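**Student:** Residues in the sequence shown are numbered from 184 upward in steps of one, following the numbering used here.
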Amino acid sequence: MQSGNNSREKQVYNNLKNKYIGIGDADTKRGEFLSNIKKDTYFSLISYDSINTHLSIGLNKPKQLIQNDIIDKIRKC
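1. Can you tell me whether TYR196 is helix, strand or coil according to DSSP?
2. Run through DSSP, which three-state label would THR211 get?
3. In three-state terms, what does DSSP make of TYR203?
4. Thinking C-beta only, is LEU228 closer than 8 Å to ILE253?
5. Residues in the same chain with beta-carbon distance under 6 Å from SER239, minus the five sequence neighbours each way, listed in chain order, please.
6. Nearest to LYS202 by alpha carbon, out of ASP255, ASP223 and TYR231?
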C-alpha cells in the first residue's frame, strides 16, 4: 500500500511541476528558484486586468506600456 501512495505522490508532484514551473526539485539552485519566483510574479501582474489598471494609475503610464515593461523584465530573468 505504501508504494502505491509513493507512486501517486510522485505522479501528482510531476503534474504540478509541469503546470507550475517554479516548483523546482531537490536539485534546484537558489538563483534558479528566485528567477522562477520573479517570472511567476511578473506573469501574475500582467494576467490580471485590475492589477494592470492599478499599476497604470500608480505609475501614470498607459496599460500597454506597463505590460511591455513587465514582458521585458520577464525576458531578462
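We treat Cβ as the ideally placed atom computed from N, Cα and C, and that holds for glycine.
These numbers were taken from a predicted model, which means no experiment stands behind them.
**Tutor:** Taking the coordinates as given:
1. Here residue 196 refers to the residue found at position 13 of the sequence shown. TYR196: helix per DSSP, three-state reduction.
2. For the purposes of this step, residue 211 is identified with residue 28 of the sequence shown, where counting begins at 1. The answer is coil: DSSP assigns THR211 none of H, G, I, E or B.
3. Counting from 1 along the sequence shown, the entry for residue 203 is found at position 20. TYR203: coil per DSSP, three-state reduction.
4. Sequence index remark: in the sequence shown, residue 253 carries index 70 (1-based). Sequence index remark: in the sequence shown, residue 228 carries index 45 (1-based). Taking 8 Å as the Cβ cut-off, ILE253 and LEU228 qualify as a contacting pair.
5. Here residue 239 refers to the residue found at position 56 of the sequence shown. Its chain contains LYS246 and ILE249 as the residues whose beta carbon lies nearer than 6 Å to that of SER239, once the 5 sequence neighbours on both sides are disregarded; these appear in chain order.
6. As a working mapping, residue 202 is identified with position 19 in the sequence shown. With respect to the C-alpha of LYS202, the residue from ASP255, ASP223 and TYR231 having the closest C-alpha is ASP223.
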